[in-house]
Each structure stands twice: as structure tokens, then as C-alpha cells.
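Asker: Here's a structure for you.
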Amino acid sequence: MHSGSTLTREDAAAAVEMFEEGYSAKSVAPSTGLAQNSIQMLHSRWQVRGRSALDTRERRLYSFETKLEIVRRHLGGESGRLLAEVYGLPSPGTVGTWATIYRRDGEDGLRKKKSGRRPSKSSPPLSETDTLRLENERLRAEVADLGKVRALRSRERP
Numbered sequence: 003m004h005s006g007s008t009l010t011r012e013d014a015a016a017a018v019e020m021f022e023e024g025y026s027a028k029s030v031a032p033s034t035g036l037a038q039n040s041i042q043m044l045h046s047r048w049q050v051r052g053r054s055a056l057d058t059r060e061r062r063l064y065s066f067e068t069k070l071e072i073v074r075r076h077l078g079g080e081s082g083r084l085l086a087e088v089y090g091l092p093s094p095g096t097v098g099t100w101a102t103i104y105r106r107d108g109e110d111g112l113r114k115k116k117s118g119r120r121p122s123k124s125s126p127p128l129s130e131t132d133t134l135r136l137e138n139e140r141l142r143a144e145v146a147d148l149g150k151v152r153a154l155r156s157r158e159r160p
């Protein structure tokens, strides 16, 4: 199972066995005392992948073109379950998530985002006069600090 899952491997295996016996996700959750949403997600994966829904899978990255094609087919009426099977997606919920993003943000929402912090807005370069003025202020502050340090040291000596 996925490391972030609320189901233990044993819980998931027991639930999959019940699915294979014909039980629905709605009936499995109360009878096992497990969370309804976790069982429903497992059931969706099981419908697409069968018993291999118990196996941890490597995360795959899908190209923008593939995502766009899947979303367009889904919005054209094809089921998320069928598309998940055809394209090897982890679950039908992935198709729904991409469709929601597409409706909200358009095609750009499906594009890969750059990771990390955005660069800060850089200020225009200072003129030589301004650079010298800033250095002069810094040096004056440094001289003032050194004067205070000397004064404190002279007080400490008897």
C-alpha cells in the first residue's frame, strides 16, 4: 500500500478479497470498520487494476499532450474507469482531477509547473553615485560601532 494510506496492508487485502467475492465498497467499509473514503478509493483502483491494486506503484509523470487527450476524451463522454485502464492511470479519480483542473484553468492547468520558489523581483542596478553613497553609509555605521566598542572596553579597564 502507499505510505500515506490509512489502510494497513492486511486491511486492504481483506477488502480486496471481499470485492472479489462480490461485495461493494459501501458494504465492505461498515463490515470491516474501515474508513468509507479509503475503501472507496481502494475499490476504484481494484476495478481498474484488480489484485495489483495492493501493489505499490512507481509514480509516473504524464506529458501535457497525454493529459489533454485523456481529458478531452473524458469530456467527450468516455468513462474515467475505461481511460484509467487504457492509459495505465493509478485510478479513475486521476481523470476526474485532471478534468476539474482543465475546466478551472484551461489547458495551462495541465502543464507541468516549475518547482521551487519564484525568483524575487530584482531592482534596477544602482548608479555609481548611489553605490558609493550606500557604501559610505555602511562605513559610517561601522566606525560608529567601533567607537562604541572602544568606549565599552575603556570602561571595563580600571
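The opening residue of the sequence shown carries number 3 in the working numbering; numbering runs sequentially from there. Every residue, glycine too, gets a C-beta built ideally from N, C-alpha and C.
What number of angstroms, rounded off, separates the C-alpha of Tyr-25 from the C-alpha of Thr-99?
Answerer: Taking the straight line joining both Cα atoms gives about 26 Å.
Asker: Less than 7 Å between C-beta atoms, sequence neighbours within five positions excluded: which residues of the same chain meet that for Leu-77?
Answerer: The residues are Ala-101.
Asker: So, under 8 Å CB-CB, Glu-109 and Leu-70 are touching, yes? Tell me the CB distance rounded to an integer number of Å.
Answerer: With a Cβ gap of about 6 Å, Glu-109 and Leu-70 count as contacting.
Asker: When the Cα atoms are used, what is the spatial distance from Arg-152 to Leu-134?
Answerer: The alpha-carbon atoms of Arg-152 and Leu-134 are separated by roughly 27 Å.
Asker: Measure the alpha-carbon distance for Glu-1 versus Arg-74 and round it to whole angstroms.
Answerer: A query on residue 1 cannot be resolved here, the shown segment of the chain reaching from 3 to 160 and no further.
Asker: Should Ser-156 be labelled buried (16 or more other beta-carbon atoms within 10 Å of its own) or exposed?
Answerer: Counting Cβ neighbours within 10 Å, Ser-156 comes out exposed, since fewer than 16 surround it.
Asker: Compare the beta carbon distance of Ser-93 and Ser-46 with 7 Å and say whether it is the shorter of the two.
Answerer: Yes, these two residues count as a Cβ contact at 7 Å.
Asker: In whole angstroms, what separates the C-alpha of Val-96 from that of Glu-139?
Answerer: Just to set this straight, residue 96 is Thr in the shown sequence, not Val. Rounded to the nearest angstrom, the two C-alpha atoms are 58 Å apart.
Asker: Once you ignore the five residues that flank Glu-87 on each side, which residues in its own chain have a CB closer than 8 Å to its CB?
Answerer: The answer, listed in chain order, is Val-50.
Asker: With 16 as the cutoff for other CB atoms within 10 Å, does Val-30 come out buried or exposed?
Answerer: Buried, by the Cβ-count rule.
Asker: Going residue by residue through the segment 78-121, where are the continuous alpha helix (DSSP H) segments of at least 4 residues, counting only ones entirely within it?
Answerer: List check, alpha helix (DSSP H) in window: 82-89 and 94-107.
Asker: Could you spell out where the alpha helix (DSSP H) holding Leu-44 opens and where it closes?
Answerer: Looking at the DSSP string, the run of the alpha helix (DSSP H) that includes Leu-44 is 38-51.
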